[in-house]
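Chemist:
Residue numbers (UniProt numbering): 1 to 730.
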């Protein structure tokens, strides 16, 4: 993969500092076919289809031209990440006679058709930051009619869709203020879908992307369902598409502001509703709730899988924490222990409802919720006391439930005494070393005992990489003996919410501020290390790049002649992600013989007499808040500016052509600020002394034809003359 190269501003008429040859979302060959494969550089966005039935997530890159190319197993990145890398596409057959464009297109066509994906190498990704603020969501519905007959009436299906959406309005703490169904149940077929191919549900979701793209383009053209907007496309398939591995699939999003496509199996009596609530959970960024034995074993969360189709429980604190919607006073911090404390039901709308602590053995944040089966949980599986689920290896009772954060925004249900999923009064849970013990001193009363262990030694922390908006830096540092770490990124000394990964991409708004990271080490049987804070680094302004396939120079059009206008045409400037900032603009600096022309900052410049004999050049600067101000591209110089040509127009004679009257020469339409001289004529003979703008008509002119010649002069222009039509004196 070619590297974004920083070039100096001294590179005249070629490019500028911090330019990007290829842009995000545009593919271009970077190497000839080798070993039976074409190597194609691609920039785009990472899309993730949530794995179901024990299958891993499926990763793809979506290019700006709408291609969705599956990536081979082994690639992982956050949904919505900016992607740049090489795709190795087997089966290259392009010969030397093909153009570069045709070869690229052929290679990407093959890549799209590979069910097992293509290998990505030399990859760089930049994780997205969750969008801020509330966002109303919208659902667009369609059912596929070429896969078999439907048994559930449309009205029932639409009602379940609406109910699933209201679940998320309720659970989002105001981040989703409304969620509407834009359409009724549209009807379509899709050549991309087949029962044999899994309908987008079976076969690992092999047909999912093709079905969604086909249906979206034909039924709802122009609507964004990629996940970058809060629009959801729900495709309902008939019961003929039932597969054990999944009754619903969805693309994973980033946050409660994300949308995306969903394929769901028709089911009546609320069965589709609970599935759709789960799949919407993937759309808004959540992963599965698991236990020690099964992927879906955390049945206290809707991101588990209810084997009997009961109503979804409310979001636990672990997922509320992931989504950043935990309210003040909602939890008590027990990392250093906590006396007996009563907590309210997780279904309550206010008050203390959870206990939270960091497990000193693992560094994992752990949550204690009281699940009593009340309120919105009354119809949940655990509230019914239905006993054990064999495939999950446990039963699910009411009581105090312990969950910890899991990888990639999932949750993990911890085992407790009795194998029933919840602590009952008199029961307790301990971590591996016994350094923290959670005891149920009552049905809803929690006591956390913290036993001190030998501490890990102090470690170090550092920020690795150049801190620049939209680009990833890494937390460096080490603690002797640590087996796990926690991170917290700081901006201007304050914690950045939800920024606890080992990597971080500053936002544009952070340019000029100070970035640092805190690192804490953990190990079984040890107290955490003292938290180390790195030295702060300054977040540099965001760099500018140019979009691939566009010019790398600024050009000057127009004739270099005094009085003419020159026009600068520059670069298609973009940021590291290949997009333009919302406040993007350009400014220009024109110069003559290397000296800046005062006030000449527009994309056009009108040549003046001062430019005569000089050479003109222009620099183009991109501008946006938080971006570098020193990046520019410079044109070549023009040839020497030549003398201007005056714009002329035949003068007119006004006034009465009678003896005793006066005639006046009128010269309009000439180059602005032209100075004029006049010569009056009788026939072809100049009238002696008649060199002013006005002429007194004497008796000797009666019956003769009078005309006037106007000569224009202006500095920097070649003088020009024009003669009026004759006028007969009466």
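Virtual Cβ for every residue (Gly too), placed ideally from N, Cα, C.
For clarity, every value in this text was computed on a predicted model and none was experimentally measured.
1. In angstroms, rounded to a whole number, what distance separates the CA positions of residue 249 and residue 200?
2. Reducing DSSP to helix, strand and coil, say where residue 393 ends up.
3. Mind the definition here: the segment 441-449 touches the segment 324-331 only if three or more C-beta pairs lie below 8 Å; say whether that holds.
4. Do the segment 588-597 and the segment 500-518 meet, that is, are 3 or more Cβ pairs less than 8 Å apart?
5. How many Å lie between residue 534 and residue 512 at the Cα?
6. In the DSSP assignment, find the unbroken beta strand (DSSP E) run with residue 517 in it and report its ends.
7. Mind the definition here: the segment 602-614 touches the segment 484-500 only if three or more C-beta pairs lie below 8 Å; say whether that holds.
8. In the DSSP assignment, what residue or residues form a beta bridge with residue 46?
9. In the DSSP output, what is residue 442 paired with across the bridge?
10. For residue 717, which three-state DSSP category applies?
11. Pull the bridge partners of residue 564 from the DSSP assignment, please.
12. Considering residue 166, what are the terminal residues of the alpha helix (DSSP H) in which it resides?
13. Measuring CB atoms only, is the segment 170-179 touching the segment 121-138, in the sense that at least three cross pairs come out at less than 8 Å?
14. Taking the alpha carbon of residue 124 as the reference point, which residue from 46, 234 and 233 has its own alpha carbon closest?
15. Return the bridge partner residues of residue 121 from the DSSP annotation.
16. Find the nearest neighbour of residue 467 within the set 537, 241, 390 and 727, judged by alpha-carbon distance.
17. Express the C-alpha separation of residue 216 and residue 370 in angstroms, rounding to a whole number.
18. Helix, strand or coil for residue 239 per DSSP?
19. Just the C-alpha distance for residue 4 and residue 588, rounded to the nearest angstrom, thanks.
20. Just to confirm my understanding: we take residue 211, look at its own chain, exclude 5 residues before and 5 after, and list those with CB closer than 8 Å. What are they?
21. Can you tell me the Cβ-Cβ gap for residue 213 and residue 188, rounded? I've got them flagged as a contact below 8 Å.
22. Ends of the beta strand (DSSP E) at residue 597?
23. Look up residue 231 in the DSSP assignment and give the residues it is bridged to.
24. Can you give the beta carbon distance from residue 584 to residue 622, rounded, assuming they're within the 8 Å contact cut?
25. Could you pull the start and end residues of the beta strand (DSSP E) that residue 590 belongs to?
26. To the nearest angstrom, how far is it from the Cα of residue 122 to the Cα of residue 548?
27. If you draw a straight line from the alpha carbon of residue 676 to that of residue 542, how long is it in whole angstroms?
28. Say whether the segment 265-274 touches the segment 157-171, bearing in mind that this needs 3 or more beta-carbon pairs closer than 8 Å, one atom from each stretch.
29. Count the C-beta pairs between the segment 561-580 and the segment 648-656 that are closer than 8 Å, then say yes if the count reaches three, no if not.
30. Count the other CB atoms, across all protein chains shown, that sit within 10 Å of the CB of residue 394; report buried if there are 16 or more and exposed otherwise.
31. Run through the segment 271-334 for me and flag every whole beta strand (DSSP E) of 3 or more residues, listed as ranges in chain order.
32. If I measure Cβ to Cβ from residue 13 and keep anything under 7 Å in the same chain, skipping five residues before and after, which residues do I get?
33. For residue 365, which of helix, strand or coil comes out of DSSP?
34. Can you tell which of 316, 66 and 58 has its C-alpha closest to the C-alpha of residue 302?
35. Comparing C-alpha positions only, which one of 205, 657 and 527 sits nearest to residue 48?
36. May I ask you to list the residues that DSSP assigns as paired with residue 52?
Modeler: Judging by the given coordinates:
1. 8 Å
2. coil
3. no
4. no
5. 17 Å
6. 514-522
7. no
8. 61
9. 445
10. strand
11. DSSP, once it has assigned bridges, lists no residue as partnering residue 564.
12. 154-171
13. yes
14. 46
15. 86
16. 537
17. 42 Å
18. helix
19. The predicted position of residue 4 is uncertain, since its pLDDT is 24 and thus under 50; a value taken from the coordinates is nonetheless stated next. The alpha-carbon atoms of residue 4 and residue 588 are separated by roughly 25 Å.
20. 144, 190, 192, 193, 199, 200, 235 and 263
21. Between residue 188 and residue 213 the Cβ distance is about 13 Å, and since that is not below 8 Å, they are no contact.
22. That residue, residue 597, is in no beta strand (DSSP E); it is neither H nor E in DSSP.
23. 138
24. 7 Å
25. 585-592
26. 18 Å
27. 55 Å
28. yes
29. no
30. buried
31. 331-333
32. Low per-residue confidence applies at residue 13: pLDDT is 28, beneath 50, and the placement is therefore not dependable, though the value from the model is reported in the following sentence. Result list for residue 13: 553, 634, 635 and 636, in chain order.
33. strand
34. 316
35. 205
36. In DSSP, residue 52 forms no bridge with anything.
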